[in-house]
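In our numbering, the protein residues as written are 1317 to 1681.
The structure under discussion appears below in the form of structure tokens.
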């Protein structure tokens, strides 16, 4: 098998654990919906005063750390060891595989001294994850495993949809698992602070286009993360999750309308069904692969050298960490983006046969 599988969450769930996981999902989603429509509950509750005080307490606590959607509030013990996240990993089950280059870097890190480790972790990374899928459940499940899978990764943040931070309880889960608001300003803020970032370039459009049995990524127009990689001289890791698109039954019903809503209203409506409800995924192995990284700085230097006089005056250090007043040239961004698409496709083609997807082709749109 190409690469090295570094994590396997393959221990089958016992019947009791499966029941507990199902109950947790029901309670969690019901709690979220009750919180959203809490005003209706308050109107008919005999405990209106207590409920009202609880709501005020939650609002006060939320306001106290309002900036956390920009800086994040990761809780390592939670994201690594929370009981129900662990059950979720085993339910699918989930594996994490690194290409030989990343595995060798991880081994080098393990053998390094403390001082050498700190130096290694100064390198910033951008993990570009595909595909989004209906729920993107792997983002939550893999988060706490990155400490072991990518030990050379310094502090990181994951860009997540703004709506997640407006939903009580879901907001806390997002914050505890490294999430910050998925805006351009937040991404640059995190990189300026020295963080690495994880993101899903396809976003809501890729989510609404999810179709069971097909491997489609929405990437051709998504160049923003490459621009960031060039500006901050980060290395970009292509991450592909085999099995993500098969977790839910999907339909193309009203797809045109739903894509229009995504483009114009920035809202996503997926018409899907899991094993027994719209929220409960089918049991499909999630095989997470981290491909060979693209060193944006090295690529830029080689591109400048190749262009010769046509790239005269282009200096990658002039725009490093700067604001909107200093940007990489569009031609360089497009060339680097094309190389990333090639590497993502190469990662997919290299590993698809190992996980039972040999007959599928990656469609990049």
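We put the CB at the ideal spot given by N, CA and C, even for glycine.
- When only Cα atoms are considered, residue 1512 and residue 1471 end up about 6 Å apart.
- The closest CA to that of residue 1469, considering only 1613, 1648, 1551 and 1329, is found on 1551.
- The C-beta distance from residue 1557 to residue 1454 rounds to 5 Å, short enough to fall under 8 Å.
- Taken through DSSP and simplified to helix, strand or coil, residue 1625 comes out as helix.
- Taking a cut-off of 8 Å for Cβ pairs, the region 1555–1573 and the region 1581–1595 touch, as three or more such pairs fall below it.
- Its Cα nearest to that of residue 1555, the residue 1462 stands out among 1462, 1425 and 1435.
- Using a Cβ distance threshold of 8 Å, residue 1439 and residue 1474 do not count as a contacting pair.
- Three or more Cβ pairs closer than 8 Å define a contact, and the region 1320–1333 meets that threshold against the region 1399–1407.
- In the same chain as residue 1678, and ignoring 5 residues on each side of it, the C-beta atoms closer than 6 Å to its own belong to 1531, 1661 and 1664, in chain order.
- The region 1520–1530 makes no contact with the region 1499–1512; the number of CB pairs closer than 8 Å stays below 3.
- Residues 1322 and 1323 of the same chain have their beta carbon placed closer than 8 Å to that of residue 1464, with the five preceding and five following residues left out of the count.
- Only residues of its own chain outside the window of five on either side were considered, and among them 1551 have a CB closer than 7 Å to the CB of residue 1611, listed in chain order.
- When DSSP states are grouped into helix, strand and coil, residue 1320 belongs to the strand group.
- Within its own chain, the residues whose Cβ lies closer than 6 Å to the Cβ of residue 1667, once the five positions on either side in sequence are excluded, are 1605, listed in chain order.
- In the three-state DSSP reduction, residue 1569 falls in the coil class, being neither helix nor strand.
- A straight line joining the alpha-carbon of residue 1653 with that of residue 1635 spans about 18 Å.
- One thing to note: residue 1320 has its Cβ within 8 Å of the Cβ of residue 1413.
- Taking the C-beta atoms as reference points, residue 1491 is found no nearer than 8 Å to residue 1400.
- The criterion of a C-beta distance shorter than 8 Å is satisfied by residue 1495 and residue 1480.
- The region 1540–1612 is shown to contain whole alpha helix (DSSP H) runs of 4 or more residues at 1540–1547 and 1571–1581, in chain order.
- In the three-state scheme derived from DSSP, where H, G and I count as helix and E and B as strand, residue 1446 is classed as strand.
- Membership of residue 1678 in the beta strand (DSSP E) is indicated by the continuous run 1678–1680.
- Going by DSSP, residue 1472 is part of the beta strand (DSSP E) stretching over 1472–1476.
- Excluding residues up to 5 positions away in sequence, 1425 lie with their Cβ nearer than 7 Å to the Cβ of residue 1433 in the same chain.
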